[in-house]
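Right, one structure below, let's go through it.
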Amino acid sequence: MARPKLIFIAALIILNGVFYFPNLGATPLDDYDEATYAQVVKETLTNGNFLTFTYFGKTWVDKPPLHFWLMTASAKLFGLNEFALRLPAALFGIISSLLAFLIVQEIGDKNKNLLAFLAGAGTTLFPIFLAAGRDVRLEVPIAAVALGGFYFFIKGLKNSKFLSGVGICIGLGIMFKSIFGLLALVPIAIWSVLSRNWSWLKKRHFWIGIFLGALISLPWHIYEAAKIGAGFLQTYLGFHVAQRFTENVFNNQIGNWQYLSIFFKYGQPWSSLFLFSLALALLALVNKKFRAKAGDWLLPLSVTAFTVAVIFIGFMAVPSKLMTYLIPIYPWVVLAGVFAIPVIQKTFLFVPKMAAAVAVLMLAVSAYLSFSEVFLNPQLFTLEFSKDERDIGLYLSGSAGEEKIFSHGWPHQQTLRYYSGKEIDNLDGVGEVAVPLPFWLIIPNQLVEKYPLVQNFPHPYEGEYLTLVHFRKG
Numbered sequence: 001m002a003r004p005k006l007i008f009i010a011a012l013i014i015l016n017g018v019f020y021f022p023n024l025g026a027t028p029l030d031d032y033d034e035a036t037y038a039q040v041v042k043e044t045l046t047n048g049n050f051l052t053f054t055y056f057g058k059t060w061v062d063k064p065p066l067h068f069w070l071m072t073a074s075a076k077l078f079g080l081n082e083f084a085l086r087l088p089a090a091l092f093g094i095i096s097s098l099l100a101f102l103i104v105q106e107i108g109d110k111n112k113n114l115l116a117f118l119a120g121a122g123t124t125l126f127p128i129f130l131a132a133g134r135d136v137r138l139e140v141p142i143a144a145v146a147l148g149g150f151y152f153f154i155k156g157l158k159n160s161k162f163l164s165g166v167g168i169c170i171g172l173g174i175m176f177k178s179i180f181g182l183l184a185l186v187p188i189a190i191w192s193v194l195s196r197n198w199s200w201l202k203k204r205h206f207w208i209g210i211f212l213g214a215l216i217s218l219p220w221h222i223y224e225a226a227k228i229g230a231g232f233l234q235t236y237l238g239f240h241v242a243q244r245f246t247e248n249v250f251n252n253q254i255g256n257w258q259y260l261s262i263f264f265k266y267g268q269p270w271s272s273l274f275l276f277s278l279a280l281a282l283l284a285l286v287n288k289k290f291r292a293k294a295g296d297w298l299l300p301l302s303v304t305a306f307t308v309a310v311i312f313i314g315f316m317a318v319p320s321k322l323m324t325y326l327i328p329i330y331p332w333v334v335l336a337g338v339f340a341i342p343v344i345q346k347t348f349l350f351v352p353k354m355a356a357a358v359a360v361l362m363l364a365v366s367a368y369l370s371f372s373e374v375f376l377n378p379q380l381f382t383l384e385f386s387k388d389e390r391d392i393g394l395y396l397s398g399s400a401g402e403e404k405i406f407s408h409g410w411p412h413q414q415t416l417r418y419y420s421g422k423e424i425d426n427l428d429g430v431g432e433v434a435v436p437l438p439f440w441l442i443i444p445n446q447l448v449e450k451y452p453l454v455q456n457f458p459h460p461y462e463g464e465y466l467t468l469v470h471f472r473k474g
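Following the UniProt record's numbering, the numbering of the sequence shown begins with 1 at its first residue and continues without gaps.
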């Protein structure tokens, strides 16, 4: 490996370390996903069942097991804490950055080290992607394996042995998040359409990789289907795949405008540059002179820009919407922006100094926004009330014993359950109930004054958002 390449990789690793690891375990595990996944890992460490997970003793097959295995291994090494549980996602954020670097390296020629570093650093410093990598998010490893599949595809066009990596990455992706593991096929298909090159389908190493990917992903699915039967298919494929594609299972108000708002608000400055990249890719479809002037960088620019557009439009078409669904596309947004720079240089006589100035500006803005998110004012995937939930949960874990725990006017349960280690029943919408003393009630502060009876019992915890009330005799 050439020395300049090693220097850039070393710099990229240092940059990732600076932004991913500090304060990684400082904040509580949030509702919904973080605390739920943490509870699954906690029970796995206790019961030793690494194939069929449980959530408070009940079979839990919402997600494939690979990321949970990695979280469990991390917890065994570093203890069951926030840092250990978030570490695997952070490592996949770093892997995504390195793969973005390697993809540009593989495609580029002149100035490829600088452009590759820009791609890797841009991926690291993409604010919402960085925040997701510092959280327990399955979409981050999905982004990594999608980039990995595309990287092996690009290398495989020169040496077919590398095509086997495509299927392996897809198999790993399926074991991370089911159908999301197929995302690598989107840029591969677009590349093949634009280049009119499907010869890779005839290479045996590609099909060897598909076979290996099947060996990775099928055994667990077959085992669970055989053990649980229709319940597995109904939950894993029915609710979490088919139903999410056909109806809004979350009953939330996130629409396409919210998706666009999230993309542009939390993806700056790269989301703005992406619009220009997409415009260049569309121009190339209709203008032969532009295609001739753009040179070899035009194909990867078009592939990455259209990959973002296709996946984004696909998610917009799905009724069930979450901001986290967009996470895997963000490295492709960066790649499209990076590939646009040499195209602009060739087609618009963009002098190298101007290109360098744009690159420095992009990194400077990204670094400022990311530094603010990590060290100054975290906003993404961080719930302000989670501290109250953690503190109440920890208090209940040592004080509640076998007494019942309820919440009222508070729909969030997962963080409270994880830190308390106890199930919590929600009294909302159940009408009047007679609950024998003693019991505990978690209630938002604004409701405390609404119920005078609450004032007659001890408040062991009064936080910024929540109050814990102990209803007892005497």
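Beta carbons are placed, not taken as given, at the ideal position from N, Cα and C, and that holds for glycine.
7 Å Cβ shell around residue i - same chain, five flanking residues per side excluded
i              : result
proline 269    : Met362, Val365 and Ser366
tryptophan 69  : Phe50
lysine 155     : Glu106 and Phe162
tyrosine 418   : Leu29, Ala35, Ala38, Gln39 and Gly393
asparagine 248 : Pro319 and Ser320
serine 160     : Lys203 and His205
asparagine 81  : Gly25
glutamine 369  : It should be noted that the sequence gives leucine, not glutamine, for residue 369. These residues qualify, in order along the chain: Pro127 and Gln268.
Candidates the options: closest to residue i by CA position
i                 : options                           : result
lysine 265        : Pro319, Gln379, Arg137 and Leu98  : Gln379
asparagine 251    : Gly93, Lys321 and Pro342          : Lys321
phenylalanine 152 : Leu115, Phe180 and Ala100         : Ala100
glycine 465       : Leu12, Thr44 and Ile392           : Reading off the sequence, residue 465 comes out as tyrosine, not glycine. For the residues Leu12, Thr44 and Ile392, the minimum Cα distance to tyrosine 465 belongs to Ile392.
phenylalanine 348 : Asn377, Phe306, Gly401 and Phe290 : Phe290
alanine 400       : Glu423, Glu462 and Val318         : Glu423
lysine 76         : Gly267, Thr59, Gly48 and Ile168   : Gly48
glycine 148       : Tyr395, Trp198, Ser96 and Ala357  : Ser96
proline 64        : Ala434, Ser397 and Phe232         : Phe232
alanine 11        : Ala116, Asp109 and Thr27          : Ala116
tyrosine 259      : Leu285, Thr324 and Thr246         : Thr324
tyrosine 236      : Thr52, Val104, Asp425 and Asp428  : Thr52
serine 217        : Gly295, Phe8, Leu172 and Arg196   : Leu172
aspartate 33      : Ala84, Lys112, Glu139 and Leu80   : Glu139
residue 505       : Leu416, Gly421, Arg390 and Asp388 : Given a span of 1 to 474 for the chain in the structure shown, any question on residue 505 remains unanswerable.
arginine 390      : Asn23, Thr27 and Phe21            : Thr27
glycine 181       : Val145, Leu157 and Leu194         : Val145
methionine 175    : Trp200, Pro141 and Arg3           : Pro141
threonine 72      : Asp62, Leu85 and Val61            : Leu85
Outcome for residue i when other beta-carbon atoms lying within 10 angstroms are tallied against a minimum of 16
i                 : result
alanine 230       : exposed
histidine 67      : buried
tryptophan 297    : buried
valine 40         : buried
leucine 326       : buried
tryptophan 257    : exposed
lysine 177        : buried
proline 328       : buried
leucine 280       : buried
leucine 125       : buried
glutamate 384     : exposed
phenylalanine 306 : buried
glutamine 414     : buried
isoleucine 313    : exposed
aspartate 388     : buried
arginine 196      : exposed
aspartate 428     : exposed
Sequence-distant residues of the same chain with beta carbon closer than 6 Å to residue i, five excluded per side
i              : result
isoleucine 341 : Ala355
leucine 87     : Ser74
isoleucine 228 : none
valine 454     : Val448 and Val469
arginine 472   : Leu437 and Pro438
glutamate 43   : Thr54
alanine 143    : Ser96, Pro328 and Pro331
Residue i at chain D interface by Cβ criterion, 8 Å
i           : result
alanine 119 : Absence of chain D from the displayed structure is noted, only one protein chain being present.
Sequence-distant residues of its chain with Cβ nearer than 8 Å to residue i (five each side left out)
i          : result
valine 310 : Val186 and Ile190
### Query
Is the segment 371-383 in contact with the segment 129-142, if contact means three or more CB pairs nearer than 8 Å?
At 8 Å Cβ cutoff, the stretches touch.
Does the segment 404-421 come close enough to the segment 434-447 to have 3 or more Cβ pairs within less than 8 Å? These segments touch.
- Query: Are the segment 77-92 and the segment 320-337 in contact at 8 Å, needing three or more beta carbon pairs?
  - Reply: Touching, no, given that fewer than three Cβ pairs across the two stretches are closer than 8 Å.
Practice prompt. Would you list, in sequence order, the uninterrupted alpha helix (DSSP H) runs of no fewer than 4 residues that lie entirely inside the segment 187-259?
Written response: List check, alpha helix (DSSP H) in window: 204-228.
Counting only runs of 4+ residues fully inside the segment 127-174, write out the alpha helix (DSSP H) ranges in chain order. Correct list: 127-133 and 139-158.
- prompt: Would you say the segment 107-127 touches the segment 6-19, given that touching needs at least three Cβ pairs under 8 Å?
  reply: Because the criterion of three Cβ pairs below 8 Å is met, the segment 107-127 and the segment 6-19 touch.
Please give the ranges of any alpha helix (DSSP H) in the segment 349-392, keeping only runs that are unbroken, at least 4 residues long and fully inside the region. Here the runs fully enclosed are 352-371.
- Message: Using 8 Å as the cut-off, can you tell me whether the segment 208-227 makes contact with the segment 298-310, which would need three or more C-beta pairs spanning the two stretches below that distance?
- Response: Cβ pair count under 8 Å is below three, so no.
Taking one C-beta from the segment 205-224 and one from the segment 182-191 each time, how about it: are there three or more such pairs within less than 8 Å? In this structure the segment 205-224 does not lie against the segment 182-191, because fewer than three pairs of beta carbons, one per stretch, are closer than 8 Å.
Starting from the N-terminal side, write out each stretch of the beta strand (DSSP E) that is 3 residues or longer and does not extend beyond the segment 4-68.
If we require 3 residues or more, the beta strand (DSSP E) runs fully inside the segment 4-68 come out as 53-55 and 58-60.
Practice item. Scan the segment 443-469 and note each continuous alpha helix (DSSP H) run of 4 residues or more that stays entirely inside, going in chain order. Key: Segments of the alpha helix (DSSP H) lying fully in the segment 443-469: 445-448.
| request: Only counting runs of 4 or more residues, tell me where the alpha helix (DSSP H) segments fall wholly within the segment 257-314, in order along the chain. | output: As far as the segment 257-314 is concerned, its whole alpha helix (DSSP H) runs of at least 4 residues are 270-286 and 288-294.
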